[in-house]
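In our numbering, the protein residues as written are 839 to 923.
Even glycine gets a Cβ: it sits at the ideal position worked out from N, Cα and C.
Data block below; observations after.
What follows is the structure, given as structure tokens:
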């Protein structure tokens, strides 16, 4: 998971952060000029590999910040093949 100490994502925006072109309102001192595609691409990659992406804001136990958690399933270890060292 990645956690920041920023102001967080507004509650009305949080359910939509993984949708294309969604951007949270900019805060004072926020230099971000993102396109709103990064989290949508991230979720697409995670789902293509059987994983998930989720967001919490504010971070549980705090009053600010955002946490993006990425989870991938464990894959069973492939059997060793002849010639593997």
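Limits of the alpha helix (DSSP H) - the one that residue i falls within
i	result
residue 877	876 to 886
For residue j and residue i, the rounded distance between their alpha carbons
i	j	result
residue 919	residue 912	20 Å
residue 897	residue 858	23 Å
residue 863	residue 850	11 Å
residue 895	residue 852	7 Å
residue 889	residue 899	25 Å
residue 880	residue 842	17 Å
residue 855	residue 877	7 Å
residue 882	residue 875	11 Å
Sequence-distant residues of its chain with Cβ nearer than 7 Å to residue i (five each side left out)
i	result
residue 892	907
residue 887	910
N- and C-terminal bounds of the beta strand (DSSP E) containing residue i
i	result
residue 842	840 to 842
Cβ pair count under 8 Å reaching 3, the region 889 to 903 against the region 845 to 855:
Pairwise C-beta distances place the region 889 to 903 in contact with the region 845 to 855, as three or more of them are shorter than 8 Å.
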